[in-house]
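These notes are about the structure you will find just below.
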Amino acid sequence: MALRVLVGCKRVIDYAVKVRVKPDKTGVVTDGVKHSINPFDEIAIEEAVRLKEKKIASEVVAISCGPKQCQETLRTALAMGADRAIHVEIPEPQSNTLEPLGVAKIFSKLAKEEDVNLIIVGKQAIDDDCNQTGQLTAALLDWPQGTFASEITVEGEHMKVIREIDGGLETIKVKMPAVISADLRLNEPRYATLPNIMKAKKKKIDVKTPADLGIDISPRTEILSVEDPPVRQAGSKVEDVSELVGKLKSHGFI
Amino acid sequence: MPSYSSTLTYLATSARSSLRYYKHAITQARTYCNANSMVRKEYSYVNQDDKNHFIKILQQTSRLLDHKHDVAHYVTDWHGRYHDTSRLAIVPQGGNTGLVGGSIPVFDEITLSTSLMDEIIDFDPQSGILICQAGCILKNLHDHVNMYGFSMPIDLAARGSCQIGGNLATNAGGIHFIRYGPLRKYVTGIEVILSNGDVLDMLSSTFNHIPDIKQLVIGTEGTLAIISKVAIRCLENPKCYNAALLGCESYDQITSALIIARNVLGHTMSAIEVMDLPAVSLVKSKLGLNCPLSPHPFYVLIETYSSDENQNIDKLYDILSLLENNFGEVESAVSLNQTQLSQLWTVREHITEALKQDGHVYKFDVSVPIPKYFDLVGIMRNQLGSSTSTVCGFGHLADGNKFLDIAIKDVKNGGSISAEHGIGFNKTNLMYASKATQNIITMKAIKDYFDPKGILNPYKILQG
Numbered sequence: 003m004a005l006r007v008l009v010g011c012k013r014v015i016d017y018a019v020k021v022r023v024k025p026d027k028t029g030v031v032t033d034g035v036k037h038s039i040n041p042f043d044e045i046a047i048e049e050a051v052r053l054k055e056k057k058i059a060s061e062v063v064a065i066s067c068g069p070k071q072c073q074e075t076l077r078t079a080l081a082m083g084a085d086r087a088i089h090v091e092i093p094e095p096q097s098n099t100l101e102p103l104g105v106a107k108i109f110s111k112l113a114k115e116e117d118v119n120l121i122i123v124g125k126q127a128i129d130d131d132c133n134q135t136g137q138l139t140a141a142l143l144d145w146p147q148g149t150f151a152s153e154i155t156v157e158g159e160h161m162k163v164i165r166e167i168d169g170g171l172e173t174i175k176v177k178m179p180a181v182i183s184a185d186l187r188l189n190e191p192r193y194a195t196l197p198n199i200m201k202a203k204k205k206k207i208d209v210k211t212p213a214d215l216g217i218d219i220s221p222r223t224e225i226l227s228v229e230d231p232p233v234r235q236a237g238s239k240v241e242d243v244s245e246l247v248g249k250l251k252s253h254g255f256i
Numbered sequence: 003m004p005s006y007s008s009t010l011t012y013l014a015t016s017a018r019s020s021l022r023y024y025k026h027a028i029t030q031a032r033t034y035c036n037a038n039s040m041v042r043k044e045y046s047y048v049n050q051d052d053k054n055h056f057i058k059i060l061q062q063t064s065r066l067l068d069h070k071h072d073v074a075h076y077v078t079d080w081h082g083r084y085h086d087t088s089r090l091a092i093v094p095q096g097g098n099t100g101l102v103g104g105s106i107p108v109f110d111e112i113t114l115s116t117s118l119m120d121e122i123i124d125f126d127p128q129s130g131i132l133i134c135q136a137g138c139i140l141k142n143l144h145d146h147v148n149m150y151g152f153s154m155p156i157d158l159a160a161r162g163s164c165q166i167g168g169n170l171a172t173n174a175g176g177i178h179f180i181r182y183g184p185l186r187k188y189v190t191g192i193e194v195i196l197s198n199g200d201v202l203d204m205l206s207s208t209f210n211h212i213p214d215i216k217q218l219v220i221g222t223e224g225t226l227a228i229i230s231k232v233a234i235r236c237l238e239n240p241k242c243y244n245a246a247l248l249g250c251e252s253y254d255q256i257t258s259a260l261i262i263a264r265n266v267l268g269h270t271m272s273a274i275e276v277m278d279l280p281a282v283s284l285v286k287s288k289l290g291l292n293c294p295l296s297p298h299p300f301y302v303l304i305e306t307y308s309s310d311e312n313q314n315i316d317k318l319y320d321i322l323s324l325l326e327n328n329f330g331e332v333e334s335a336v337s338l339n340q341t342q343l344s345q346l347w348t349v350r351e352h353i354t355e356a357l358k359q360d361g362h363v364y365k366f367d368v369s370v371p372i373p374k375y376f377d378l379v380g381i382m383r384n385q386l387g388s389s390t391s392t393v394c395g396f397g398h399l400a401d402g403n404k405f406l407d408i409a410i411k412d413v414k415n416g417g418s419i420s421a422e423h424g425i426g427f428n429k430t431n432l433m434y435a436s437k438a439t440q441n442i443i444t445m446k447a448i449k450d451y452f453d454p455k456g457i458l459n460p461y462k463i464l465q466g
């Protein structure tokens, strides 16, 4: 069967940028800071495009939720080979309180509207590290999930997923439709070529709002404060083993 | 119209003479690096009294290190009186990333490291002027001014280790040279230590030196004075940089790419670099870093900037289209974010490291007219054949400064010559070859005035 694939792409502060906490501790500085597509979502797009190139998938639709600038993220996805994109527009400051549950509701609604049978998302976003959207989406849709995928293979109506877990690699089989979350080693994303970027400009980006989809995205949690991690304290040097033992004893370690 | 055979003869002759030049250069390198052929001049030897005095100045025993290549810090507080009675030779050293042997002692000169002088004194976002000590690492300065939306007017692959004092002393070029121009343009002031220990404060831009003594010290590699503080005008960051890596099949294609890029981008071209397939393959095999394109004889990396990413992409696309008009389909990879931009640069910036792992490297930093450059690489590869493991070419395409690097295994004598990187130790003989005598006499006169005892970085630049 030809798969119709939905891929979630989050716009986050670029991986290479040094993040700074706002002086009022309400969050991090985002104004004027370089943003880009979440690296794990880039891997998700790459996997979807490869499925299309292997003729296993017939269409790849990229989604991003957030302010207007999310369309830049979607253009990257389109330049990598996605066919269409949907921008669920949520202006700031509301977008700052968008939680994985809200995103999962949006994805599951769109999955039904677009009649997809495979959703691929990055395992987590590098700004909040929640690692929840894939799992929540699967639960809302009552679909099986293959998370932390480092390899996926379509076998008829099933998908074999090799997952990265603490002890090593776990291989499972899920029946489609399913939700997959991409881990680092799933693939190495391609660069966009100049002709593809030009072609991407002509591809469609549909703009919707959460209201259009009838979804409530109000947050269930409140951010109390955001702070820098504590500065690492300097160590102290000791002259010999007995002094080391003495210090360990006096600090109560032994 | 010249006949076919006479054109061939011309090429063969010029190639042969170029080859003779390079073979000569290799021999010279071997000679200079064999210290037995150089004579240590009449400098004092460091004795225990000297060491005690240093320790008193440095205030800590741990800052005076007694082994080879170790360093005594802190120039600013030295009192020249000490040097009046003795004649101890000094080599100033920053990040020690130089490629010409300019920052290391030849015999037993005292190495003076500026590494502890790493204080950023002030940055004024109104004027963009940064004041810092000479031992600040370039990358740290980048990161600091970047917080205010500025960047340093110089960037090189060694940014994580090189220090701004050294950058100034060698008048380093770097990858953004074609956009920014020489570093000396941006220096509004420096503080230096003279050979008698006096501090010459030229930090404030309100005092007009006529002649501009600052410019004498910049680029003279620590032979006239030692730079201790620097005031540099930084430039506001453009909003976006984007780069495209293009696969090229022929030398003609590279030259076309350069001309087209210049036409399309004008002053918004911030960098254009070229590398050949041997260089890129070596980075893959030694360091495991992939090139995003399939194998091509050459690669060109073009970087541009503006306030709008779409503008950058459109211009890069124009360059591609024009190039494809003449040469057919060209494979490309474009950066769409900061991480991808760094990754596109990564292969180019790791070539030197990959070469080091391949064997002993002879680096020739040559200012050869662009058309001749890759001819030379090919000729060297053919002529040197199986005695080398890699002969490759890469560098800053637009400046005309490119690097011909030859990696050879099992070489007993070391030697490297480097150009855009200064004169240092190994190119002193070539200095004499390329400059007229009157120039040398005048340069020596200035050196003698600044350093009558000849203790600052001896044996470098001007041999005498």
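Line by line, the protein sequences give chains A and B.
Quick note on our numbering: the first sequence kicks off at 3 and runs consecutively.
Quick note on our numbering: the second sequence kicks off at 3 and runs consecutively.
Glycine residues also receive a C-beta, built at the ideal position from the N, C-alpha and C atoms.
With 16 other Cβ atoms within 10 Å as the buried cut-off, status of residue i
i                : result
Ala281 (chain B) : buried
Val336 (chain B) : buried
Phe109 (chain B) : exposed
Arg22 (chain A)  : exposed
Gly10 (chain A)  : buried
Ser5 (chain B)   : Note that Ser5 (chain B) scores a pLDDT of 35, beneath 50, so its modelled location is shaky; the value from the coordinates is reported in the next line. Answer is exposed; the Cβ neighbour count stays below 16.
Thr306 (chain B) : buried
Arg234 (chain A) : exposed
Asn292 (chain B) : exposed
Pro102 (chain A) : buried
Pro191 (chain A) : buried
Ala259 (chain A) : Since the first and last residues shown for chain A are 3 and 256, residue 259 (chain A) lies out of range.
Phe376 (chain B) : buried
Rounded distance between the beta-carbons of residue j and residue i, thought under 8 Å
i                : j                : result
Met271 (chain B) : Ile180 (chain B) : 6 Å
Leu196 (chain A) : Ser334 (chain B) : 5 Å
Gly395 (chain B) : Val379 (chain B) : 4 Å
Val14 (chain A)  : His37 (chain A)  : 6 Å
Pro299 (chain B) : Ser252 (chain B) : 7 Å
Ile156 (chain B) : Ala174 (chain B) : 6 Å
Ile457 (chain B) : Ile92 (chain B)  : 6 Å
Leu170 (chain B) : Leu185 (chain B) : 6 Å
Ala245 (chain B) : Leu202 (chain B) : Ala245 (chain B) to Leu202 (chain B), Cβ: 41 Å. No contact.
Val19 (chain A)  : Gln340 (chain B) : 6 Å
Interface partners of residue i on chain A, CB under 7 Å
i                : result
Gln340 (chain B) : Asp16, Ala18, Val19, Lys36 and Ser38
Ala335 (chain B) : Tyr193 and Thr195
Leu318 (chain B) : Leu196
Ala246 (chain B) : Leu196
Ser344 (chain B) : Ala18
Neighbouring residues, chain A, relative to residue i (Cβ below 8 Å)
i                : result
Ile315 (chain B) : Leu196 and Ile199
Leu322 (chain B) : Leu196 and Pro197
Pro294 (chain B) : Arg192 and Tyr193
Which residues DSSP lists as bridging residue i, in chain order
i                : result
Leu346 (chain B) : Per DSSP, none; premise fails for Leu346 (chain B).
Leu120 (chain A) : A:Val7 and A:Ala180
Met271 (chain B) : B:Thr306
Ala59 (chain A)  : A:Leu5
Glu333 (chain B) : Partner(s): none; Glu333 (chain B) has no beta bridge.
Val189 (chain B) : B:Ile234
Phe179 (chain B) : Paired residue(s): none; Phe179 (chain B) is not in a bridge.
Within chain B, partners of residue i - CB distance below 7 Å
i                : result
Ala78 (chain A)  : The residue asked about is misnamed: residue 78 (chain A) is Thr in this sequence, not Ala. Those are Leu338, listed as they occur along chain B.
Ala184 (chain A) : Here the premise fails: no neighbours, minimum Cβ distance about 17 Å.
Ala87 (chain A)  : What Ala87 (chain A) touches in chain B: nothing, since even the nearest Cβ is about 15 Å away.
Residue i: contacting residues in chain A (beta-carbon distance under 9 Å)
i                : result
Asp145 (chain B) : Lys20
Interface residues of chain B facing residue i [CB-CB closer than 8 Å]
i              : result
Ala2 (chain A) : The requested residue 2 (chain A) is not part of the displayed model; chain A covers only 3 to 256.
Interface residues of chain B facing residue i [CB-CB closer than 9 Å]
i                : result
Ala202 (chain A) : What Ala202 (chain A) touches in chain B: nothing, since even the nearest Cβ is about 10 Å away.
Practice prompt. Answer yes if the segment 144-161 of chain A comes into contact with the segment 24-43 of chain A, meaning at least three C-beta pairs across the two stretches below 8 Å, and no otherwise.
Written response: Using a C-beta cut-off of 8 Å, the segment 24-43 of chain A makes no contact with the segment 144-161 of chain A, since fewer than three inter-stretch Cβ pairs fall below that distance.
Discussion item. Under 8 Å: do the segment 222-233 of chain B and the segment 190-197 of chain B share three or more Cβ pairs, one atom per stretch?
Written reply: yes
Discussion item. Does the segment 67-75 of chain A come into contact with the segment 44-54 of chain A, if we say contact requires no fewer than three beta-carbon pairs (one atom in each stretch) closer than 8 Å?
Written reply: no
Worksheet item: Is the segment 165-175 of chain A close to the segment 301-320 of chain B, with three or more CB pairs under 8 Å?
Response: No: fewer than three Cβ pairs fall under 8 Å.
Practice prompt. Flag this pair as touching only if the segment 84-94 of chain A and the segment 208-221 of chain A have three or more C-beta atom pairs under 8 Å; answer yes or no.
Written response: When C-beta atoms of the segment 84-94 of chain A are compared with those of the segment 208-221 of chain A, three or more pairs fall below 8 Å, so the two segments count as touching.
Discussion item. Three Cβ pairs or more, each shorter than 8 Å: is that satisfied between the segment 238-253 of chain B and the segment 209-223 of chain B?
Written reply: no
Worksheet item: Do the segment 344-355 of chain B and the segment 94-107 of chain A touch if we need at least three Cβ pairs shorter than 8 Å?
Response: no
Worksheet item: Should the segment 125-139 of chain A be regarded as contacting the segment 104-117 of chain A, the criterion being three or more beta carbon pairs within less than 8 Å?
Response: yes
Discussion item. Under 7 Å, CB to CB, which of the residues in the segment 116-150 of chain A have a partner in chain E?
Written reply: Looking at the structure shown, chain E is missing, and the protein chains on hand are A and B.
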